[in-house]
Each structure stands twice: as structure tokens, then as C-alpha cells.
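So the structure is just underneath, and the comments pick up after that.
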Amino acid sequence: MFVKPATFGMLTGLMLGLVMSFSISFVLLFFNLGPVPDFLAIWLKGAMTGFAISIPIALVAQPLIVRLLNRYLKVQS
Numbered sequence: 156m157f158v159k160p161a162t163f164g165m166l167t168g169l170m171l172g173l174v175m176s177f178s179i180s181f182v183l184l185f186f187n188l189g190p191v192p193d194f195l196a197i198w199l200k201g202a203m204t205g206f207a208i209s210i211p212i213a214l215v216a217q218p219l220i221v222r223l224l225n226r227y228l229k230v231q232s
């Protein structure tokens with residue numbers, strides 16, 4: 156399946172935001188609360204909030220970071 160580079164970048168940001176917000180919220184909640192009875196419901200609420208915040212940040216930050224790295228670094232072939 157072929158996609159445009161901009162679409163690939165957006166999908167990358169979306170997936171990174173999803174994985175990071177869900178995993179970080181799980182670990183932090185578990186460390187702070189421990190295995191409480193409503194852990195899953197509390198975690199999902201926090202994970203969805205984190206996801207809603209992280210997606211716009213990832214979509215904005217990813218192309219900026221790529222441009223910055225491309226300006227100062229060259230990839231070896």
C-alpha cells in the first residue's frame with residue numbers, strides 16, 4: 156500500500172501518541188494507585204485523556220523534529 160509522505164508522517168504521529176499515552180498512563184497510574192478495584196476504568200479514562208492531548212502534540216512536533224534533525228544530521232547509507 157502506498158501513501159504520501161505527509162500521510163505517513165500523520166499516521167506515525169497518531170500511532171506514537173496512542174502507544175505512548177496508553178503505556179505511560181498505565182505505568183504512572185499503577186505506580187501511584189496500585190491495583191485498586193476500578194483500575195481498568197480509571198486507566199482507560201486517563202489513557203483517553205492523554206491520547207487526546209498527545210495526538211496534536213505529536214502531529215505538530217514530529218515534522219518539526221524531523222526538519223531539525225535533517226538540518227544538522229546526515230544519515231549514513
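To convert, count from 1 in the sequence shown and add 155; that's this note's numbering. Positions of the beta carbon are idealized from the N, C-alpha and C atoms, including for glycine. All of these numbers come straight from a predicted model, not from anything done at the bench.
Residues near residue i in its chain [Cβ-Cβ closer than 6 Å; skip 5 each side]
{"i": "residue 233", "result": "The structure shown does not extend to residue 233, since the chain spans only 156 to 232, so no value can be given for it."}
{"i": "residue 189", "result": "none"}
Endpoints, alpha helix (DSSP H) assigned at residue i
{"i": "residue 200", "result": "194-227"}
{"i": "residue 230", "result": "Where residue 230 is concerned, there is no enclosing alpha helix (DSSP H), given that its DSSP letter is neither H nor E."}
{"i": "residue 160", "result": "160-188"}
Buried/exposed call for residue i, threshold 16 Cβ in 10 Å
{"i": "residue 172", "result": "buried"}
{"i": "residue 196", "result": "exposed"}
{"i": "residue 180", "result": "buried"}
{"i": "residue 213", "result": "buried"}
Span separating the alpha-carbon of residue i from that of residue j
{"i": "residue 208", "j": "residue 228", "result": "29 Å"}
{"i": "residue 177", "j": "residue 205", "result": "7 Å"}
Close Cβ partners of residue i (< 7 Å) along its chain, the five nearest in sequence each way excluded
{"i": "residue 201", "result": "180 and 184"}
Contacting residues, own chain, Cβ-Cβ under 8 Å from residue i (five flanking each side not counted)
{"i": "residue 194", "result": "184, 185 and 188"}
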